[in-house]
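Here's the structure we're looking at; comments come further down.
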Amino acid sequence: MKHINLNEIESPSKRLWRTFSADWTAMFGLFVLSVLVLLAIFAPLVVPQNPYDLAQLNILDGRLTPGSSSFDEKVFYLLGTDDQGRDIYSAIIYGMRISLGVGLISTVGALIVGATLGLSAAYMGKRIDSLIMRIVDIQLSFPAILIALILLAVFGQGLGKIIIALMTVQWAYYARTVRSTALVEMGKEYIEAARCLGLGHSRIIFNHLLPNCIAPLIVVAAMQIAAAIALEATLSFLGLGLPITEPSLGLLISNGYSYLMSGKYWISFYPGLALLVMIVSINLVADRLRDTLNPRLQK
Amino acid sequence: MLTFILRRMSESLFVLLVMSLLVFAGVYAIGNPVDLLISPDATPQDIEQVTKSLGLDKPLWTQYFYFLTQVLRGDLGHSFMFGTPAIELLLSKMPATMELAVAAMFIASVLGIPLGLIAGLKADSWIGKTIMTVSIFGFSLPTFWVGLVLIMFFSVELGWLPSSGRGPSSIVFGIPISFLSWEGLRHLFLPALNLALFKLALIIRLTRAGTQEALMQDYVKFARAKGLSQTRIIGVHVLKNIMIPIVTVIGLEFGSVIAFSIVTESIFAWPGMGKLLIDSINNLDRPVIVAYLCLIVVFFVFINLIVDLTYALLDPRVRLGESAK
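Protein sequences appear in the order of chains A and B.
Mapping of the first sequence onto our numbering: residues 1 to 299, in sequence order.
Mapping of the second sequence onto our numbering: residues 1001 to 1325, in sequence order.
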């Protein structure tokens, strides 16, 4: 019999990292994403001005081209300014904060709701299962943007409302994903064992079933963060998302839109570029995560 | 089969009812349109009269019940802003939206199928990889930002194409269409391209996957063994087989193109239903919002019903799965 040295067994997280880091595009995506997240977290420390403190803005600096200095030579405007003399670079970093925050909160919220309902559907079966899955089917037959638009048109705009709208759009993906995995897991012995031990339903669902269904959920969540950010930006661009007091990237782009025709491209172009880099880097990471976590692709 | 159809139909009807209730109740809560319609120095009597003429003084349930009976009669109320029947206003914008959606689907198919074929045939060469990388961008890029970049480049920098509006339209069979004139085509190109990009990426991926699968099939090996030319194998044998799923998806995605045209129409000021919706939301023009949402929900429920029924017809397993439950 072969002896196995326990120290030589790779832990799952180490193996995950080894497979993940083998792909350089994914690593590049991860690097860019980390930089963006750090910039967003430490926003006040890395920008020349607080773009929403009116005392720091000077109307005389309005619509300056990228690379110019302020009227009093104190601030250097790397990416130019908007019509109110707001530094575009600072506005982008602050906007990223809001976009990333909204994307993250709505994704986590949808994940919790969707996973709970999906696991319950798989665990309870019968009526509850078919009821929940019919709702999922019906919802997924409508495009996400349409559902979000209906909700925002109906309930009005605002930070809380857009998060609720994004959650409503997304939960169905998690429910469907987790249910199909959970149905397979339900047939395994450890669930039977847990039942024989007389454990409670919620304990079996969350302590036994959930940990074994977590991998596909992570993949879907990673992809959905990017989708949520893009959707939020689109809705804000249309004037249905966040109010002017919470300027996400979509709203910045929308503000600069009217100046586009007169050749003042930077007011909307650079926020759009930031949005794009953010979405693409998340997608690169998510793509690799899917390949890494998919057991069918592992040897 | 009959029970299947009946069940699907009743489900669709239920969805319609729930949506109408949600939409109506919610839109009611947005704001008071009377404030927008009358001048600030109007007397309370004026306000009362306008409120009464719009039916806004009655309780919510009465308004909903009235609304529902009116809907069944095909009357969705009058637009507060234009004074014309909401449904008429909406239908007058429909040809523009349809034209845009069809043009976008046309561009997506005409570019997507050949590109997908090339990517599938030369999966390992640089050209195949480039096409796939570009298609990833097609998925990632937010539609509205691409629209802005298109305007920036083609309208502002180069000045080749107009950035907004629809060209002159001519009436064909009672429907105003604009793509018959050069000016109309110039106006149509940018918005249609913008709307097409996402679907283009989808069609490229589908065609590539289909091609790679088809190339491994026995009938392709047999055709090669028969000594057929490469063009004939690909143009006839491969293409015919991969077209079935592609055509299905093109049909399926048509609804989502119409939903996404809301964004494109707003950017390019294309006078379609989507722009009307956004304008109406900003103006609190309640009957038009409700009419749009009802129309689009009916449209989607209808598309989904047709898709389900077609699948059930083509694939008996779908029906068996239903009755086994």
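Positions of the beta carbon are idealized from the N, C-alpha and C atoms, including for glycine.
Predicted model, so just to flag it, every value in this text is computed and none were measured.
Query: For residue 194(A), which residues of its own chain have a beta-carbon under 6 Å away from its beta-carbon, when the five flanking residues on both sides are left out?; Result: 204, 208
Query: Applying the criterion that 16 or more other CB atoms from any shown protein chain within 10 Å of the CB defines a buried residue, is residue 87(A) buried or exposed?; Result: buried
Query: Along the region 215-241 of chain A, where does the CB come closer than 8 Å to a CB of chain B? Name the residues.; Result: 226, 230, 233, 234, 237, 238, 239, 240
Query: Are residue 300(A) and residue 232(A) closer than 8 Å when you measure CB to CB?; Result: The requested residue 300(A) does not occur in the structure, where chain A is confined to residues 1 to 299.
Query: My assumption, with CB atoms under 8 Å, is that residue 1255(B) sits in contact with residue 1299(B). Please give the rounded CB distance.; Result: 7 Å
Query: Return the first residue and the last residue of the beta strand (DSSP E) that residue 1176(B) is part of.; Result: 1175-1177
Query: If the cut is a Cβ gap below 7 Å, which residues of chain A does residue 1304(B) touch?; Result: 141
Query: For residue 42(A), does the count of other Cβ atoms within 10 angstroms reach 16, so buried, or fall short, so exposed?; Result: exposed
Query: Where does residue 290(A) sit, in a helix, a strand or coil, going by DSSP?; Result: helix
Query: Just tell me which of 151(A), 260(A), 210(A), 156(A) has its CA closest to the CA of residue 175(A).; Result: 210(A)
Query: How long is the line joining the alpha carbons of residue 1141(B) and residue 199(A), rounded to whole angstroms?; Result: 48 Å
Query: Kindly list the residues whose CB is nearer than 7 Å to the CB of residue 984(B), restricted to its own chain and excluding five residues on each side of it in sequence; keep chain order.; Result: No answer is possible for residue 984(B): the residues shown for chain B start at 1001 and end at 1325.
Query: In terms of residues, what are the limits of the alpha helix (DSSP H) holding residue 213(A)?; Result: Unbroken run through residue 213(A): none, as it is neither H nor E.
Query: For residue 1015(B), go through chain A and note every residue whose CB falls closer than 8 Å to its CB, in chain order.; Result: 138
Query: Is the beta carbon of residue 1165(B) less than 8 Å from the beta carbon of residue 1264(B)?; Result: no
Query: Looking only at C-alpha atoms, which of 1266(B), 1181(B), 1232(B), 1238(B) sits nearest to residue 1211(B)?; Result: 1238(B)
Query: Between residue 1090(B) and residue 1295(B), how many whole angstroms is the CB-CB distance? I'm expecting something under 8 Å.; Result: 6 Å
Query: When you compare only the Cα positions, how much space is there between residue 201(A) and residue 125(A)?; Result: 13 Å
Query: Residue 93(A) to residue 286(A), Cα distance in whole Å?; Result: 23 Å
Query: If you run the structure through DSSP and keep just helix, strand and coil, what is residue 244(A)?; Result: coil
Query: Taking Cβ to Cβ, would you say residue 150(A) is nearer than 8 Å to residue 139(A)?; Result: no
Query: Who are residue 1003(B)'s beta bridge partners in DSSP?; Result: DSSP output for residue 1003(B) lists no bridge partner at all.
Query: In whole angstroms, what is the alpha-carbon distance linking residue 184(A) and residue 1186(B)?; Result: 54 Å
Query: CB-CB under 6 Å to residue 25(A), same chain, minus the five flanking residues each way: which ones, in chain order?; Result: 284
Query: One question on the structure: do residue 23(A) and residue 290(A) come within less than 8 Å of each other, judged by their Cβ atoms?; Result: no
Query: Give a yes or no on whether the C-beta atoms belonging to residue 258(A) and residue 236(A) are separated by under 8 Å.; Result: no
Query: Between residue 1087(B) and residue 1047(B), what straight-line distance do the alpha-carbon atoms span, to the nearest angstrom?; Result: 26 Å
Query: Which chain A residues are close to residue 1145(B), counting only those with a beta carbon under 7 Å from its beta carbon?; Result: 253, 272, 275, 276
Query: Under 8 Å between C-beta atoms, does residue 1002(B) make it to chain A?; Result: no
Query: According to DSSP, is residue 128(A) helix, strand or coil?; Result: helix
Query: According to DSSP, is residue 1191(B) helix, strand or coil?; Result: helix
Query: Rounded to a whole number of angstroms, what is the C-alpha to C-alpha distance between residue 192(A) and residue 21(A)?; Result: 37 Å
Query: Any idea if residue 46(A) is buried or exposed, counting beta-carbon neighbours within 10 angstroms, 16 or more meaning buried?; Result: exposed
Query: State yes or no: is the C-beta of residue 1143(B) within less than 8 Å of the C-beta of residue 1268(B)?; Result: no
Query: Could you tell me which chain B residues have their CB closer than 7 Å to the CB of residue 257(A), listed as they occur along the chain?; Result: 1148
Query: Report buried or exposed for residue 1230(B), applying the criterion of at least 16 other Cβ atoms within 10 angstroms of its Cβ.; Result: exposed
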